[in-house]
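**Q** The structure under discussion is supplied below as structure tokens; questions concerning it will follow.
Protein chains: 2
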Amino acid sequence: MTTERGTLALSQHLCFAFYSVSHAFNRAYRQFLDPLGLTYPQYVVLLVLWEQDDLTVKEIGDRLFLDSGTLTPLLKRLESAGHVRRARDKKDERQVRISLTDSGRALQAKAKEIPKQVGCVLGLPLEEIRALTEQVAKLRGRLHDSASLSAKS
Amino acid sequence: MTTERGTLALSQHLCFAFYSVSHAFNRAYRQFLDPLGLTYPQYVVLLVLWEQDDLTVKEIGDRLFLDSGTLTPLLKRLESAGHVRRARDKKDERQVRISLTDSGRALQAKAKEIPKQVGCVLGLPLEEIRALTEQVAKLRGRLHDSASLSAKS
DNA sequence: AAGAAATAGGTTGCGCACAATCTAATTCGA
DNA sequence: TCGAATTAGATTGTGCGCAACCTATTTCTT
Chain A
1 MTTERGTLAL
11 SQHLCFAFYS
21 VSHAFNRAYR
31 QFLDPLGLTY
41 PQYVVLLVLW
51 EQDDLTVKEI
61 GDRLFLDSGT
71 LTPLLKRLES
81 AGHVRRARDK
91 KDERQVRISL
101 TDSGRALQAK
111 AKEIPKQVGC
121 VLGLPLEEIR
131 ALTEQVAKLR
141 GRLHDSASLS
151 AKS
Chain B
1 MTTERGTLAL
11 SQHLCFAFYS
21 VSHAFNRAYR
31 QFLDPLGLTY
41 PQYVVLLVLW
51 EQDDLTVKEI
61 GDRLFLDSGT
71 LTPLLKRLES
81 AGHVRRARDK
91 KDERQVRISL
101 TDSGRALQAK
111 AKEIPKQVGC
121 VLGLPLEEIR
131 ALTEQVAKLR
141 GRLHDSASLS
151 AKS
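Those protein sequences? They're chains A and B, same order as listed.
First residue of the first sequence: 1, per the UniProt record's numbering; consecutive thereafter.
First residue of the second sequence: 1, per the UniProt record's numbering; consecutive thereafter.
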């Protein structure tokens with residue numbers, strides 16, 4: 001009954017499951033984010049800022065596991081859309097602090113129902129969603145740990 | 001004790017867990033795929049072809065949930081790397097059939113150990129990996145179903 | 001058999017993601 | 001205190017991922 005012939009079938013790859021489900025989530029969010037003129041990555045940056053305003057690029061990157069190469073252009077787009085301000089920190093000129101504008105704060109109300117709307121198509125009880133989220137976050141932690149191990153000085 | 005103030009914290013978002021873990025997997029695979037000169041998406045295309053050779057672009061896309069806008073340039077890169085051939089189907093000139101070259105087949109042996117190597121940093125028993133993979137695939141199915149519903153004719 | 005509809009694949013444009021590299025500012029160390 | 005090392009962010013180049021649109025081929029309809 002084994003289908004194993006040296007190579008795992010694609011359907012058995014956990015990494016592919018994550019790869020494809022994250023695209024599926026992206027598409028599911030798009031229908032709700034398009035009317036707001038936001039992409040999913042822009043939306044998660046705003047989620048971070050709605051939780052805590054006035055963060056540096058580095059602090060945002062730490063929370064999202066993204067670097068400046070990704071964030072700098074994204075934040076410039078959010079800035080030119082009028083949702084955030086970018087300003088060098090007076091105390092430490094290396095840092096750029098990102099703060100919400102009124103427009104950026106106003107988006108929070110419009111986006112409030114999105115997680116619920118997407119969540120209801122999942123058909124999972126809240127308890128299971130919570131457990132799954134935690135389990136996946138734990139896996140991400142292990143992957144990061146091993147990555148920083150193999151990139152040791 | 002509730003931290004809920006209208007907006008879910010980022011850490012409680014299942015979608016962000018998937019979004020960030022798929023990037024983490026991508027980075028974890030990179031160290032093994034770089035020596036082969038492959039990206040992760042190229043690797044999954046080859047996984048499909050190693051399972052069944054001589055597929056059309058459409059058939060590959062159906063298995064990976066990707067469209068021609070993504071696959072055409074990717075397959076051209078795999079072609080110019082010498083790993084696959086692209087040829088119009090004689091019976092139906094609309095289709096392009098993708099087949100492995102000797103070089104493409106030879107990669108299979110070199111890539112055989114990768115899933116095991118990445119899997120061992122996860123520290124999960126095989127049974128749990130299997131269950132998690134299935135659960136995530138089921139979620140992906142629900143997201144696709146609702147997407148095709150909302151895009152009905 | 002002829003026009004309409006459907007299908008497969010390619011092209012263009014935009015926005016991530018990330019490695020590699022750069023500059024400028026700050027901190028560390030002898 | 002002064003040069004070395006570190007840190008924050010920006011820039012460049014490559015490769016997805018996908019919407020929108022295009023062409024060519026095939027199939028459907030009558």
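The beta-carbon is built from N, C-alpha and C at its ideal position, and this holds for glycine as well.
All figures in this text were calculated on a predicted structure; none of them were measured in a lab.
I'd like to know if A/GLU4 contacts chain B, where contact means its C-beta is closer than 8 Å to some C-beta of that chain.
**A** With a pLDDT of 44 at A/GLU4, under the threshold of 50, the modelled position of this residue cannot be trusted, and the question is left open.
**Q** Which chain A residues are close to B/PRO125, counting only those with a beta carbon under 9 Å from its beta carbon?
**A** Ordered by position in chain A, no residue passes the 9 Å Cβ test against B/PRO125, which lies about 12 Å from the chain.
**Q** List, in order along the chain, the chain B residues whose C-beta lies closer than 7 Å to that of A/ALA9?
**A** Under the 7 Å cutoff, chain B gives GLU51.
**Q** Count the other C-beta atoms from every protein chain shown that fall within 10 angstroms of the C-beta of residue 159 of chain A, then say buried if there are 16 or more, exposed otherwise.
**A** Any answer about residue 159 of chain A is impossible in this case: the structure gives chain A only from 1 up to 153.
**Q** Look up A/ALA81 in the DSSP assignment and say whether it is helix, strand or coil.
**A** A/ALA81 falls in the coil class under three-state DSSP.
**Q** My understanding is that A/PHE25 touches A/ILE114, with C-beta atoms under 8 Å, so please give their C-beta distance in whole angstroms.
**A** The Cβ separation is near 12 Å, so there is no contact.
**Q** Among B/SER80, B/LYS58, B/ALA81, B/LYS138, which has the Cα closest to the Cα of B/ASP92?
**A** Cα-wise, what sits closest to B/ASP92 is B/LYS58.
**Q** Between the stretch 113-132 of chain A and the stretch 11-24 of chain B, can you find at least three pairs of beta-carbon atoms closer than 8 Å?
**A** At 8 Å Cβ cutoff, the stretches touch.
**Q** Mind checking who A/LEU55 pairs with in its DSSP beta bridge?
**A** Beta-bridge pairing links A/LEU55 to A/ILE98.
**Q** Could you tell me whether any Cβ in chain A is nearer than 8 Å to the Cβ of B/VAL118?
**A** True, the Cβ-Cβ gap to chain A drops below 8 Å.
**Q** Going by the CB atoms, is the gap between A/VAL45 and A/LEU74 shorter than 8 Å?
**A** Contact: yes.
**Q** Would you decide whether A/GLY123 is buried or exposed? Buried here means 16 or more other CB atoms lie within 10 Å of its CB.
**A** So A/GLY123 ends up on the exposed side.
**Q** Classify A/ALA28 as helix, strand or coil using the three-state DSSP reduction.
**A** Three-state result, A/ALA28: helix.
**Q** Is the beta carbon of B/VAL48 less than 8 Å from the beta carbon of B/LEU36?
**A** No, they are not a contact pair.
**Q** Which residues in chain B sit within 9 Å of A/THR72, going by Cβ to Cβ distance?
**A** By Cβ distance, chain B contributes nothing, its closest Cβ being about 17 Å from A/THR72, past 9 Å.
**Q** Short check: CB of B/ASP89 to CB of B/ARG77, under 8 Å?
**A** The answer is no: Cβ separation not under 8 Å.
**Q** How big is the Cα-Cα spacing for B/GLU51 and A/PHE18?
**A** Taking the straight line from one Cα to the other gives about 20 Å.
**Q** Since A/LEU139 meets chain B, which of its residues come closer than 7 Å, beta carbon to beta carbon?
**A** Result: VAL21, LEU122.
**Q** Considering only residues of the same chain and omitting the five flanking positions on each side of B/GLU134, which have a CB-CB separation below 8 Å?
**A** No residues qualify anywhere along the chain.
**Q** Compare the Cα-Cα distances from B/PHE16 to each of A/LEU38, A/ALA137, A/GLU79 and report the closest residue.
**A** The residue with the shortest Cα to Cα distance from B/PHE16 is A/ALA137.
**Q** If you follow the alpha helix (DSSP H) that B/PRO115 is in, where does it begin and where does it stop?
**A** Start and end: 114-122.
**Q** Counting only beta-carbon atoms, is B/THR56 nearer than 8 Å to chain A?
**A** Not an interface residue.
**Q** From this set, B/HIS23, B/VAL21, B/ALA28, B/ASP53, which residue's C-alpha is nearest B/GLN108's C-alpha?
**A** Among B/HIS23, B/VAL21, B/ALA28, B/ASP53, the Cα nearest to that of B/GLN108 belongs to B/ASP53.
**Q** Going by beta-carbon coordinates alone, are A/GLY104 and A/VAL84 separated by less than 8 Å?
**A** Yes; because the gap between Cβ atoms is below 8 Å, this pair is in contact.
**Q** Using a Cβ cut-off of 8 Å, pull out every chain B residue sitting near A/SER146, in sequence order please.
**A** By Cβ distance, chain B contributes ALA28, VAL121.
**Q** Do you know how far the Cα of A/LYS110 is from the Cα of A/ASP102?
**A** Approximately 13 Å, taken between the alpha carbons.
**Q** So with Cβ pairs under 8 Å, would you call B/ILE129 a contact of chain A?
**A** Yes, B/ILE129 counts as interfacial toward chain A.
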